[in-house]
Amino acid sequence: MSTAVEKVIAGDVRTVARLIRDIDDRVPGVREVLKELYVHTGKAYVVGITGAPGVGKSTLVDQMLNHLRKKGKTVGVLAVDPTSPFSGGAILGDRIRMQRHSLDEGVFIRSMATRGHFGGLTQSTRSAIDVLDAMGKDYVIVETVGVGQDEVDIVKSAQTTVIVVIPGMGDDIQAIKAGILEVGDIFVINKAERDGADKTQHELRQMIDMNQKKFEEGKWQPPILKVEAVFDKGVEELLVEIEKHRKYLLESTPGIGLAKKKERIREELAEMIKDRLFQEVLDRLDESGDFERAVDSIVAGELDPYTACDDVLSNKSGLLK
Amino acid sequence: MKERKLRVMVAKPGLDGHDRGARIIARAFRDAGFEVVYTGLHQTPEEIVHAAIQEDVDMIGLSSLAGAHMYLFPRVLELLRENGVEDVAVIGGGVIPDDDITVLREAGMKEIFTPGSNLDGIVQWVRENIKPRS
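Just so you know, the sequences run in chain order G and W. Under this note's numbering, think of the first position of the first sequence as 1, with each following residue one higher. Under this note's numbering, think of the first position of the second sequence as 1001, with each following residue one higher.
Written out as structure tokens, the structure reads:
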């Protein structure tokens, strides 16, 4: 076993922090470490939290940390924030709400930036989940802004996905990414002290029920919880529902948990192949300058993108004949 | 592998509640293409150092406008050393008298920026002096 792997399993914070950085920066050789780590994963329970900006996701995570720690559970948090498409930089501010847990050795919080289309966000987040899992955390909570496809994909790697909305957002949920209702296992109406929480709950219920094609005995019915994260109201109930869902996945017949796992692994593997292929081809094209040359030719009207794509792949990578 | 991206932390230690400067700096760093972890107000040096380790940043920027820099800044340096972190640079900004700057530099602060410092100049300084730790 390599030293890095040993240290991660022993829970060494600096090694873990460094490894996640290496994953993010795509350091060659990091894959070898991840390969070795994989057998040590699978013990943590992964919870995804998603929702529009400002609905209180970070505050909710902060309170969940509080409750889970009181039960003696250790938790890893991955807080994903968007990278500016203009500068490539990012302000990662989710920590602000969680800093009171900074000194707690049972909690590891890491902010990650989306790093744009070439960044392979889904891939790096999944690898980071594996690292926190291998370091021995009982729970890994992944927080994302549920606006892009990447973010929706990330929460799909969670065993339980929590979607956070606020009162008044009922109708707007229709407008949120198609597909987000389907991935939600639990819905939270945060800031429920505000007007309209009951109405939103009602609307959500209708939408979810319409979405579920038919009622099946024993099938998971996503609960809709009213929560006031700032006042620590309803957070314990959320954790109870997460545990219920976990139990449902484990015990339901015929093996929903296993089917879900298989689906997740299928998607993860496909994603990994896609990401790796794309990255390696792109790296080679970057090195040779062919990518930029192709872009210039298309801009100049000398070439169409379809031919450029064929050219680029057949010449350099030999992937297409 | 492409180049590593620079990760920095902007932190407000102590009871000082003036965070406009820190926020403006955080934005300037973002616009320069850095990843900026912002901790928010009222952080203890311990909290800052733990967060910096978990976030694997290359530099910590401390902002102080309330006069406690002579305790808070060196304490952050001391805690980094105690935790075996030798390669994370610490810079400071705020209302800091010249005499104090000399002392803080000797204590290990890489640079101190005082009121009137130009944003572009600060970004330029970081670009030239702070590299992602390999």
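No residue lacks a Cβ here, since even glycine has one placed at the ideal position from N, Cα and C. This one's a predicted model, so the numbers in the text were calculated from it and none came from an experiment.
For residue 24 of chain G, at least one C-beta of chain W is nearer than 9 Å to its own C-beta. When DSSP states are grouped into helix, strand and coil, residue 1111 of chain W belongs to the strand group. A distance of 9 Å or more separates the beta carbons of residue 1097 of chain W and residue 1072 of chain W. A straight-line Cα-Cα distance of about 11 Å links residue 273 of chain G and residue 266 of chain G. Within a 10 Å sphere around the beta-carbon of residue 121 of chain G sit 16 or more other beta-carbons, which makes this residue buried. Of all residues in the region 1009 to 1023 of chain W, none places a beta-carbon less than 7 Å from a beta-carbon of chain G. Nearest to residue 143 of chain G by C-alpha distance, out of G:229, G:47 and G:10, is G:47. The alpha-carbon of residue 280 of chain G is positioned some 32 Å away from that of residue 108 of chain G. Cβ neighbours of residue 42 of chain G within its own chain (closer than 8 Å, five residues either side excluded): 133. Between the C-alpha atoms of residue 1050 of chain W and residue 103 of chain G there is a straight-line separation of about 6 Å.
The Cβ atoms of residue 189 of chain G and residue 197 of chain G sit closer than 9 Å to each other. For residue 308 of chain G, the enclosing alpha helix (DSSP H) covers residues 305 to 312. Among the residues of chain G, those whose CB is under 7 Å from the CB of residue 1033 of chain W are 87, 88 and 89, following chain order.
Secondary structure in the region 108 to 137 of chain G: the alpha helix (DSSP H) runs of 4 residues or longer, each lying completely within the stretch, are 121 to 134 in chain order. Close CB contacts of residue 91 of chain G within its chain, under the 8 Å cut and outside five residues either way in sequence, are with 81 (chain order). For residue 1064 of chain W, no alpha helix (DSSP H) run applies; the uninterrupted beta strand (DSSP E) run containing it begins and ends at 1059 to 1064, by DSSP. According to the DSSP assignment, residue 1034 of chain W belongs to no alpha helix (DSSP H), since it is labelled neither H nor E.
Contact between residue 1058 of chain W and residue 1007 of chain W holds, with the beta-carbon distance rounding to 6 Å and staying under 8 Å.
In the DSSP assignment, residue 160 of chain G forms a beta bridge with G:47.
Assignment of residue 1007 of chain W by DSSP, reduced to helix, strand and coil, places it in the strand class.
Cβ atoms of residue 89 of chain G and residue 1036 of chain W come within 8 Å of each other, at about 7 Å.
A straight-line Cα-Cα distance of about 14 Å links residue 1092 of chain W and residue 1024 of chain W. For residue 92 of chain G, the closest Cβ of chain W is nearer than 9 Å. Here residue 1074 of chain W carries a helix assignment [DSSP, helix/strand/coil].
In chain order, 1047, 1050 and 1051 make up the part of chain W whose C-beta sits under 7 Å from the C-beta of residue 102 of chain G. Neighbours of residue 1005 of chain W in chain G, taken as residues at a C-beta separation under 7 Å, are given in chain order as 25.
Residue range 235 to 251 is occupied by the alpha helix (DSSP H) that includes residue 251 of chain G.
Of the residues G:193, G:168, G:245 and G:232, the one whose Cα lies closest to the Cα of residue 202 of chain G is G:168. Rounded to whole angstroms, the separation of the alpha carbons of residue 131 of chain G and residue 305 of chain G is 39 Å. Residue burial is scored here from C-beta neighbours: residue 45 of chain G has at least 16 other C-beta atoms within 10 angstroms and is therefore classed as buried. In the DSSP assignment, residue 226 of chain G falls within the unbroken beta strand (DSSP E) covering 224 to 226. In the DSSP annotation of this structure, the continuous segment of the beta strand (DSSP E) that includes residue 189 of chain G starts and ends at 186 to 189. Comparing alpha carbon positions, the residue from W:1017, W:1030 and W:1090 closest to residue 1052 of chain W is W:1090. In terms of Cα proximity to residue 1110 of chain W, the closest of W:1117, W:1102 and W:1116 is W:1102.
With a 10 Å radius around the Cβ and a threshold of 16 neighbouring Cβ atoms, residue 3 of chain G comes out exposed. The continuous beta strand (DSSP E) containing residue 81 of chain G extends over residues 75 to 81.
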